[in-house]
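The structure appears right after this line, and notes come after that.
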Amino acid sequence: KRANIGIAMGQRGTEVAKEAADVVLADDNFETILRAVEGGRTIYSNITKFVHMMFSHNLGEVLVIFTAIAAGWPLPLLPLQILWMNLVTDVFPALALAVEPPSKDIMSQPPLSADTTLLSKPFVVLIGWQAVMLATIVLSAYMWALDVYGPSPHSRTIALFALVAVQLGRERGAFEGDRD
Numbered sequence: 171k172r173a174n175i176g177i178a179m180g181q182r183g184t185e186v187a188k189e190a191a192d193v194v195l196a197d198d199n200f201e202t203i204l205r206a207v208e209g210g211r212t213i214y215s216n217i218t219k220f221v222h223m224m225f226s227h228n229l230g231e232v233l234v235i236f237t238a239i240a241a242g243w244p245l246p247l248l249p250l251q252i253l254w255m256n257l258v259t260d261v262f263p264a265l266a267l268a269v270e271p272p273s274k275d276i277m278s279q280p281p282l283s284a285d286t287t288l289l290s291k292p293f294v295v296l297i298g299w300q301a302v303m304l305a306t307i308v309l310s311a312y313m314w315a316l317d318v319y320g321p322s323p324h325s326r327t328i329a330l331f332a333l334v335a336v337q338l339g340r341e342r343g344a345f346e347g348d349r350d
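Structure representation (structure tokens):
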């Protein structure tokens with residue numbers, strides 16, 4: 171009665187138990203429950219990584235454009251450059267996250283509370299901090315390029331490659347840290 175979920179055996183369990191249960195094991199093997207929990211935790215972990223990556227990258231891009239406009243500088247990126255960059259830095263890493271294997275210690279972690287939210291305050295602060303750092307690096311490169319080359323396609327190209335580099339570098343560092 172105190173359990174959060176009721177489980178019944180699908181092959182040997184009674185019909186009453188199957189009707190009352192939340193989960194019915196088709197193969198009567200409790201190992202199936204462990205594999206299902208591991209799969210669910212892996213999916214949640216990959217979704218968290220995806221949200222982290224997408225929010226920090228896209229907020230960083232918005233900050234770069236907004237800051238340049240607010241400072242009265244020429245646009246650091248053209249719309250076509252933004253589209254190309256999002257294709258390279260968002261689509262392929264997101265596809266890789268979809269097939270990311272579980273970490274070695276995923277089953278040793280305690281279960282999440284029912285009150286846990288994906289966008290907790292510390293998680294949002296981390297995303298904001300990383301977005302500001304990405305934008306700062308890119309804007310520094312863009313300011314240098316404006317000083318050296320003036321408002322030219324060359325300066326925008328430097329801003330584009332700086333943004334791609336910091337985004338891909340952040341992904342590599344984040345994922346390498348997850349594998350430890």
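For what it's worth, the numbering used here labels the leading residue of the sequence shown as 171, then goes sequentially.
We put the CB at the ideal spot given by N, CA and C, even for glycine.
- Every unbroken stretch of the alpha helix (DSSP H) spanning 4 or more residues and falling wholly within the stretch 216 to 294 is given here in chain order: 249 to 256 and 262 to 268.
- The Cβ-Cβ distance between Gly210 and Ala196 does not fall below 7 angstroms.
- Separation of the CB atoms of Ile177 and Ile203 is rounded to 7 angstroms, and the pair is thereby assigned contact status at 8 angstroms.
- Taken through DSSP and simplified to helix, strand or coil, Ala190 comes out as helix.
- The straight-line gap separating the alpha-carbon atoms of Glu189 and Glu201 is approximately 22 angstroms.
- Here DSSP, grouped into helix, strand and coil, assigns Ala196 to coil.
- Residue state for Ile307 is assigned as helix, using DSSP reduced to three classes.
- For Ile177, the three-state secondary structure derived from DSSP is strand.
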